[in-house]
Amino acid sequence: MTPTFCCVCGCSRLPVGGSRSRQDPAEALSGAEGIRKPDVALFEIAAKRCAVTTLAEDGWMIGDNLTADIAGGRAAGLRTIWIDRGTSTGQDHGADHVVTDVLQAMEILQTER
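Numbering follows numbering that gives the first Met the number 0, in which position 105 of the sequence shown is assigned residue number 104; successive positions increment by one, without gaps.
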């Protein structure tokens with residue numbers, strides 16, 4: 000199975016639009032949607048655009064913000080990977096995996112599909 004990629008973020012630099020299939024990248028941008036992480040609705044929009052019927056179906060949230068990314072992803076039923084940049088040392092993170100860079104996160108996605 001080809002992994003699904005969904006982007007849920009607050010930036011406005013990513014292109015939006017076009018029809019999406021399960022194999023195509025999709026995004027849900029908080030500025031365009033009018034809601035922000037950790038609101039579960041933003042994750043639901045991304046899942047719908049990825050043609051995923053439930054958030055927990057093959058879903059992951061990768062991020063470096065414990066509240067918006069990790070807590071938001073967990074609240075949405077997603078598995079989570081926290082990119083620990085050393086700013087929250089000793090804090091309970093609740094993430095499924097902890098890495099120090101995006102490449103390590105990608106390795107996890109490849110082994111856990």
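Note that CB positions come from ideal geometry on N, CA and C, so glycine has one too.
Query: Bridge partners - A104, DSSP secondary structure assignment; Result: None; A104 has no bridge partner.
Query: Bounding residues of the beta strand (DSSP E) (the contiguous stretch that carries V51); Result: Premise fails: V51 is in no beta strand (DSSP E) and is neither H nor E.
Query: Coarse secondary structure for T66, derived from DSSP in three states; Result: helix
Query: Span separating the alpha-carbon of G72 from that of L102; Result: 20 Å
Query: Residue of G33, D91, A27 and C49 minimising C-alpha distance to T66; Result: D91
Query: Cβ-Cβ distance between A75 and V39 below 8 Å; Result: yes
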